[in-house]
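Residues in the sequence shown are numbered from 4 upward in steps of one, following my numbering.
Structure first, then comments.
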Amino acid sequence: MILGSILFASLALGAPTASPISIVPRPTSIEFGTGAFQVDSKTSIVAAPKARGTAKYLQSVLRPATGFDFEIKTKGAGGIQLVLDPKLTTLGEEGYLLVSNPKGVLISASTQTGLFYGVQTLRQLLPTEIFRASNQTTKWAVPAVTIEDSPRFGWRGAHLDVGRYFMPKEFVLKYIDLLAVHKMNMFHWHLTEDQGWRIEIKKYPRLTEVGAWRKDSMLTYSPETYSGKPHGGFYTQEDVREIVAYAAERHITVMPEIEMPGHAQAAIAAYPELGNTGKQLEVYTKWGVSNDVFNTEPKTIQFLQDVLTEVMELFPSKFIHIGGDECPKSQWKTSKSAQAKIKELGLKDEHELQSWFISQMDKFLTSKGRRLMGWSEILEGGLAPGATLMVWLGDDGALAASGSGHDVVMAQNAHTYYDHYQTDKRDTEPWAIGGNLPLEKAYAYEPILPQMSAEQAKHVLGVQSQCWTEYMPDEKRVEYMVFPRACAMSEIGWTQRDLRDYPDFSKRMDTHLQRLTNLDVNYRGRGNSYPYPLKYIK
Ligand code: ACM
């Protein structure tokens with residue numbers, strides 16, 4: 004309340020609208036002072052040894068555009084001070100206080116994570132050229148402000164499907180950097196699909212030798228057109244370690260997703276014994292959902308648990324996502340072994356068989372101290388006891404799961420699927436999967452449903468954006484679809500509900516888009532957004 008009134012007091016003075024300060028996501032409170040701190044070649048970063056990690060990061064993001072050294076000292080007055088202050092717990096584990104005046108900048112927080120977010124705000128207080136990769140002759144000034152800030156939700160995520168199109172490691176690192184700029188803290192890495200298995204598993208090398216490569220890719224669904232070109236790629240375990248460590252330095256958790264029992268054709272192409280027909284399949288070349296799903300035999304359960312064992316060694320994430328969405332039941336209906344399993348376990352139908360399948364993974368992950376995450380469909384046939392639901396299909400699932408004490412992450416397709424078009428004027432857009440999710444609609448998403456009780460609302464961990472890449476064959480297209488909508492998502496996850504305001508966001512975005520330009524992001528609305536041959540456009 005106090006923070007809110009500071010903000011409104013300063014609003015009443017008329018400061019923010021005319022001010023050059025445009026921070027995304029919007030902080031809890033900004034109080035404007037007078038003057039500015041001039042950053043120059045003598046400016047140092049002062050940080051106690053415990054805050055050195057954040058100091059090094061700050062140095063690395065300030066150096067390229069300024070060309071200044073930003074020497075890191077452990078003591079001294081002035082400059083940019085990073086202070087870990089255990090007493091600042093009122094701002095929560097991720098909150099920070101930033102005070103700047105003509106003498107210097109002080110960022111304080113009770114954790115390194117809070118300091119890191121203060122650093123992200125400091126970057127946005129500097130001229131937008133600070134986001135450029137090479138020396139600029141800009142005058143670097145930080146306006147005098149007092150900012151108190153902390154996030155609304157603990158889960159502020161972005162998903163990326165690398166199954167439909169493999170995205171190079173360097174791009175994954177760039178994506179993580181962009182999440183960090185927006186104070187997002189969860190990278191949901193969708194690593195396996197019908198159309199490609201993208202993570203090296205040492206025990207089962209054919210998953211990537213065979214499963215990471217397909218001979219063709221669909222370009223448009225109706226009419227059905229194809230590229231005529233092979234596509235593939237995968238991340239070695241060394242790549243994965245590098246990406247996870249890079250994210251951790253940016254206070255981002257990488258949650259892996261290993262799809263089961265559906266979206267499994269690439270794995271079955273590698274190991275036909277995992278399927279229901281025994282047929283040698285190819286890695287799927289078309290979009291949509293393959294009918295070839297994992298069988299329910301003990302060897303397959305063991306195989307998947309072996310995979311998860313290697314995955315858990317690579318990813319410290321508490322949550323491990325096992326997919327669980329869109330699993331056609333046609334093969335289980337006619338499979339002798341699936342039907343025998345249903346009988347043996349006394350199950351009602353194939354939905355309960357899927358629920359049993361997921362519960363095998365739930366028990367396994369729980370026994371290793373992890374938690375299972377799955378898409379909406381894991382509710383069908385009964386939610387496994389330890390499961391957390393990622394809600395993409397309808398509000399009923401969110402209400403049911405949160406009502407029975409399960410945590411949920413809100414990811415409704417109508418508001419958070421950034422594979423949807425960004426306008427209803429499709430003729431000038433690159434081909435997309437469908438839907439229409441303009442920026443304003445994306446911004447309007449509210450993760451706490453009006454029907455939720457206070458108890459249910461506590462089970463909403465947060466919110467995230469989805470990027471399914473069927474029609475995004477390269478990094479530029481991903482950037483085009485994800486930005487600027489991910490900026491809206493960052494504000495949904497971070498900013499307090501009563502401070503979310505689309506006209507205000509739009510105004511700040513004018514400046515923020517300059518930052519994205521300087522970061523070389525091909526966001527929609529940027530001058531040259533279509534570096535594609537015409538056939539990719541329509
Ligand atoms: C999904 O979009 N199939 C989770």
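Where is the CB? At the ideal position from N, CA and C, for every residue including glycine.
Every value quoted in this text rests on a predicted model; they were computed, and no experiment measured them.
Would the C-beta of residue i count as close to ligand 1, meaning under 7 Å from any of its heavy atoms?
i	result
E329	yes
N416	yes
W395	yes
W216	no
W192	no
W378	yes
Going along the chain, which residues of its own chain have a beta-carbon closer than 7 Å to the beta-carbon of residue i, five neighbours each way excluded?
i	result
S230	D219, S220, L222
L6	Residue placement at L6 is flagged as unreliable, the pLDDT there being 37, under the threshold of 50; the coordinate-derived value follows with that caveat. Cβ neighbours of L6 beyond the five flanking positions: T31, S32, E151.
E203	T211, F237, Y238, T239, Q240
G81	K106, G107
W216	P233, G235, V286
L10	A caution first: L10 carries a pLDDT of 36, below 50, which makes its placement in the model unreliable, though a value can still be read off. So the qualifying residues of the chain are S32, I33.
What did DSSP end up calling residue i once you bin it into helix, strand or coil?
i	result
S103	strand
F190	strand
H185	coil
I495	helix
A12	The predicted position of A12 is uncertain, since its pLDDT is 35 and thus under 50; no value can be drawn from it.
L442	helix
K538	Unreliable positioning characterises K538 in this predicted model, as indicated by a pLDDT of 43, which lies under 50. A coordinate reading is not provided.
M364	helix
T280	coil
F322	strand
Q139	coil
L452	coil
G56	helix
P28	coil
K479	helix
W335	helix
L375	strand
R529	strand
A457	helix
G98	coil
Q415	coil
L6	At L6 the pLDDT is 37, less than 50, meaning the model places this residue with poor confidence and gives no usable figure here.
K76	strand
F174	helix
Rank the options by C-alpha distance to the C-alpha of residue i and give the top, closest one.
i	options	result
T337	Q308, D295, Y238	D295
D72	K59, A80, G79, K78	K59
K177	P146, V247, A54	V247
D197	D242, G278, V243	G278
G121	D43, L94, R135, A401	L94
M475	S509, L163, D501	L163
D242	L317, L65, A161, D501	L317
M189	G160, N298, Q62, K106	G160
E252	V184, V292, D477	V184
A51	G281, E96, K78	K78
K371	G389, E383, I381	G389
K205	D365, L311, Q268, A401	L311
F486	L442, E276, V175	L442
K90	S111, L101, Q84, R488	S111
A447	R500, D430, T116, T431	R500
Measure the beta-carbon distance from residue i to residue j and round it to whole angstroms, keeping in mind my assumption that it falls under 8 Å.
i	j	result
W378	G327	5 Å
S47	E74	5 Å
N525	K479	5 Å
Y421	M512	Not quite, the Cβ-Cβ distance comes to about 16 Å (not below 8 Å), so this is no contact.
L356	A343	Actually they are not in contact, since the Cβ atoms of L356 and A343 sit about 11 Å apart, beyond 8 Å.
S358	G400	No, S358 and G400 are not in contact; Cβ-Cβ is about 14 Å, not under 8 Å.
V314	I261	6 Å
Output yes if chain B places a C-beta closer than 8 Å to the C-beta of residue i; else output no.
i	result
V108	The chain inventory of the structure shown lacks chain B, comprising one protein chain alone.
Output needed for residue i: all residues of its chain with C-beta closer than 8 Å, excluding positions within five of it in sequence on either side, in chain order.
i	result
S137	P67, A68
D398	Q415, L452, Q454
W158	N188, M189, V412, L464, G465, V466, Q467, G496
Suppose the cutoff is 6 Å on Cβ atoms and the five residues either side in sequence are ignored; what does the same chain contact list for residue i look like?
i	result
A144	A39, Q41
L368	I323, L375
Q139	A68, E132
V165	R201
Quick check: is any heavy atom of ligand 3 less than 7 Å from the C-beta of residue i?
i	result
W143	As for ligand 3, it is missing from this structure, which binds only ligand 1.
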